[in-house]
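S.K.:
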């Protein structure tokens, strides 16, 4: 008996993890990616305890992740010539493990993606590069996918993990207008600044109409991103021209305290990109095709949960496949509908709530006007003593399971 063939569209961050889970649970996944090779796009992100809890179900993976953990999280303000510490929290690996079960790990996106691709290939997952899915045709027991290069392939079912610009989403639900939020981010990688010498800190720096987040991704390197209000910029994450990078390095963003200015002045590979909203979907699947991660619930980056929520999607999709198809045999469309309905009914409300929370966080971070910023700063200072907020954060970071059902 041949294993059930599953097509994973997209080899970014979620796709390889899903493919590894499918392979190790008895399915036969194949991955298709529109890019010709692993990309260099994007900067970095933080793997949070809830995401790492899912990754820990793949033996040996968490221990090999190429990244770095901060020891403390600092919220500070550089406002009207005055520098102020608003809150300081112990997020060292030991403290995070004690509280949430897993640490926080800053990773460079391109390096982490290559690591996941290598891991998937070691598990025997086939990856086909340079294949852009453009057409999906469903039959009673399979899906035929046509690619832009004329290739066709068939699988029992398809999972669209093709990110923010998902062709799978367009094929299922049509093209949508992306709405510019009015916010733009600049970001880059920099040597560890003198202000952080001997310390590894995750810093949120708040200013008038701007916010910077920075954290270590290696022992000698920090990643940083600044959010501010500006004219619309494309979300292509391409490195700026040398002249544009120099303008940013010498501009007003380089004047911040708490090491922020040093990071900007020494920034390498600086990129600029707009932040956009997508309409919230009412459903994530049609027939034998389902969406996962950014393809289903693209989010602005202000909660740092994008990749971590994609991993939670993977956990629940695999859990439900095990529940309804324990034999891993060829599933009927009716069986898949039961899996996909339970999956979206659980995940759609949760991710929609987090997407809205990220948007609100972005607005708060770039609020303008000295007095309004002072009010914001005081709310941040008080917020870390708010029991309800602490409980919500703990519930988020200790998810998505206590005892795995996968």
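Numbering (the UniProt record's numbering), first residue to last: 1 to 406. Ideal Cβ placement from N, Cα and C applies to all residues, glycine included. Because the structure is a prediction, the values reported are computed rather than measured.
Flag this pair as yes or no: are the beta carbons of residue 288 and residue 158 separated by less than 8 Å?
M.R.: Sequence index remark: in the chain shown, residue 288 carries index 288 (1-based). Sequence index remark: in the chain shown, residue 158 carries index 158 (1-based). Result yes, Cβ atoms of residue 288 and residue 158 sit closer than 8 Å.
S.K.: Pull up the distance between the alpha-carbon of residue 348 and that of residue 310, whole angstroms please.
M.R.: The sequence position of residue 348 within the chain shown is 348, counting from 1. The sequence position of residue 310 within the chain shown is 310, counting from 1. Each residue's alpha carbon lies about 12 Å from the other.
S.K.: Counting Cβ pairs closer than 8 Å, one from the stretch 105–112 and one from the stretch 289–299, do we hit at least three?
M.R.: No, they do not touch.
S.K.: By DSSP's criteria, residue 90 is part of a beta bridge. Which residues make up the other side?
M.R.: The count along the chain shown starts at 1 and reaches residue 90 at position 90. BP columns for residue 90 point to 72.
S.K.: According to DSSP, is residue 27 helix, strand or coil?
M.R.: Start at 1 with the first residue of the chain shown, and residue 27 comes out as number 27. Coil, per DSSP.
S.K.: Going by other Cβ atoms of all chains shown within 10 Å of its Cβ, with 16 needed for buried, is residue 85 buried or exposed?
M.R.: Stepping through the chain shown from its first residue, residue 85 is reached at position 85. Burial call: exposed.
S.K.: Nearest-angstrom Cα distance between residue 361 and residue 68?
M.R.: Locating residue 361 in the chain shown gives position 361, counting from the first residue. Locating residue 68 in the chain shown gives position 68, counting from the first residue. It is roughly 25 Å from the alpha-carbon of residue 361 to the alpha-carbon of residue 68.
S.K.: Would you identify the three-state DSSP class for residue 119, choosing helix, strand or coil?
M.R.: For the purposes of this step, residue 119 is taken as residue 119 along the chain shown, with counting starting at 1. In this structure, residue 119 counts as helix in the three-state DSSP scheme.
S.K.: Alpha carbon to alpha carbon, how far is residue 330 from residue 321?
M.R.: On the chain shown, position 330 is the one that residue 330 refers to. On the chain shown, position 321 is the one that residue 321 refers to. When rounded, the distance between both Cα atoms is 11 Å.
S.K.: Can you grab the Cα-Cα spacing for the pair residue 181 / residue 232, in whole Å?
M.R.: To locate residue 181, count along the chain shown from 1; it is residue 181. To locate residue 232, count along the chain shown from 1; it is residue 232. Looking at the two C-alpha atoms, the distance is approximately 9 Å.
S.K.: Looking at C-alpha atoms only, which residue of 17, 251, 8 and 59 is the closest neighbour of residue 34?
M.R.: In the chain shown, residue 34 corresponds to position 34, counting from 1. Out of 17, 251, 8 and 59, 8 has the C-alpha closest to the C-alpha of residue 34.
S.K.: Restricting to runs no shorter than 3 residues, where is the beta strand (DSSP E) found entirely within the stretch 233–321?
M.R.: 268–277 and 289–291
S.K.: Comparing alpha-carbon positions, which option in 168, 71 and 10 lies nearest residue 96?
M.R.: Locating residue 96 in the chain shown gives position 96, where the first residue counts as 1. Ranking the options by Cα distance to residue 96, first place goes to 71.
S.K.: Mapping DSSP to helix, strand and coil, what is residue 138?
M.R.: The residue labelled residue 138 in the question sits at position 138 within the chain shown. Note: residue 138 maps to strand in three-state DSSP.
S.K.: Could you check which residue in 277, 365, 399 and 379 has the C-alpha nearest to that of residue 178?
M.R.: Position 178 of the chain shown, counted from the first residue, corresponds to residue 178. Among 277, 365, 399 and 379, the Cα nearest to that of residue 178 belongs to 277.
S.K.: Between which residues of its own chain and residue 57 is the CB-CB distance below 7 Å, once the five residues before and five after are set aside?
M.R.: By 1-based counting over the chain shown, the position of residue 57 is 57. Closer than 7 Å at the Cβ level, and outside the excluded window around residue 57, lie 404 and 406.
S.K.: When DSSP builds the beta bridges, which residues end up paired with residue 222?
M.R.: Reading the chain shown from its first residue, position 222 is the one you call residue 222. The partner list for residue 222 (beta bridge, DSSP) reads 190 and 216.
S.K.: Name the two residues that bound the continuous beta strand (DSSP E) containing residue 155.
M.R.: Translated into positions along the chain shown, residue 155 becomes position 155. That run of the beta strand (DSSP E) goes 152–155.
S.K.: Considering only the beta carbon of each residue, do residue 156 and residue 133 sit closer than 8 Å?
M.R.: Taking the chain shown and counting its residues from 1, the one referred to as residue 156 is at position 156. Taking the chain shown and counting its residues from 1, the one referred to as residue 133 is at position 133. Not closer than 8 Å, so no.
S.K.: Using a Cβ-based criterion (distance less than 7 Å to any ligand heavy atom), does residue 71 qualify as near the ligand MN?
M.R.: Absent from the structure shown: the ligand MN. Ligands present: none.
S.K.: Which residue's Cα is closest to the Cα of residue 379: 62, 87 and 81?
M.R.: Indexing the chain shown from 1 puts residue 379 at position 379. The residue with the shortest Cα to Cα distance from residue 379 is 87.
S.K.: In whole angstroms, what separates the C-alpha of residue 283 from that of residue 387?
M.R.: In the chain shown, the residue the question calls residue 283 occupies position 283. In the chain shown, the residue the question calls residue 387 occupies position 387. Rounded to whole angstroms, residue 283 to residue 387 spans 34 Å at the Cα level.
S.K.: Using DSSP bridges, identify the partner residues of residue 332.
M.R.: Here the question's residue 332 lines up with position 332 in the chain shown. BP columns for residue 332 are empty, so no partner.
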